[in-house]
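Here's the structure we're looking at; comments come further down.
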Amino acid sequence: MFENFVRQFLLLSEIGVKVVRVFLESKYQPDDFETFLENNKTLIYHLNDNRKIGCCICVNLPRQQVIRKAQFDKLFVSNGQPCQTTTQNCHCKVSAKPYIQLVEIDLTLLSTLLINCFTLTQQQKDCVKDIRENRNEISHFAHTNDIDDITFNTMWEK
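Going letter by letter, the sequence shown gives residues 980 to 1137 in our numbering.
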């Protein structure tokens, strides 16, 4: 039913995203989002750049690309500064976007930052992943604007 689609969509796209934003914000308080990004840019850089060669200060950071370039570019801008240690690509060459606001970041990137930049309990990780997965699942119904009652009840109970 169309009503089921709308209820589930609004829950996930409005309320779910706000919950994840507030949760992320609570993790980096009392700093602002720009300061959080600047303090974590080495880790976030390595979540975007999966080369085998590290940057000038990395020790043993993950090299798995979980943030796409377009997502990284929403968070950081080139600062025009060359790295003093190496000629390769390095996090030294970027800075958090000035005046960036958390409201500018979508659910996918919010959840990626939460899961990779903070120590979360398994329950917290599961909740963040459930919101993201349910949002993705409801998106598959967008072309029909319809969810039958059984599917709706299954999704609603998650």
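Beta carbons are placed, not taken as given, at the ideal position from N, Cα and C, and that holds for glycine.
Keeping to the same chain, check which residues put their C-beta closer than 6 Å to that of residue i; ignore five residues upstream and five downstream.
i, result
"residue 1076", "1056"
"residue 1087", "none"
"residue 1013", "1075, 1079"
"residue 1006", "1097"
"residue 1016", "1054, 1075"
"residue 1024", "1070"
"residue 1050", "1088"
"residue 1052", "none"
Could you check if residue i is buried or exposed, using at least 16 other CB atoms within 10 Å of its CB as the buried criterion?
i, result
"residue 1091", "buried"
"residue 1027", "buried"
"residue 995", "buried"
"residue 1036", "exposed"
Short of 8 Å in beta carbon distance, which residues of its chain neighbour residue i, apart from the five on each side in sequence? Order them along the chain.
i, result
"residue 1104", "1094"
"residue 1082", "1000"
"residue 1004", "1012, 1081"
"residue 1062", "1034, 1035, 1069, 1071, 1072"
"residue 1010", "1018"
"residue 998", "1110"
Which whole-angstrom value is the C-beta distance of residue i and residue j, which I expect to be below 8 Å?
i, j, result
"residue 1020", "residue 1073", "7 Å"
Enumerate in chain order the residues of its own chain whose CB-to-CB distance from residue i is below 7 Å, with the five nearest sequence positions on each side excluded.
i, result
"residue 1058", "1072, 1073, 1074"
"residue 993", "none"
(message) In chain order, what are the residue ranges of uninterrupted beta strand (DSSP E) at least 3 long that sit wholly in the region 1043-1116?
(response) 1055-1057, 1073-1075
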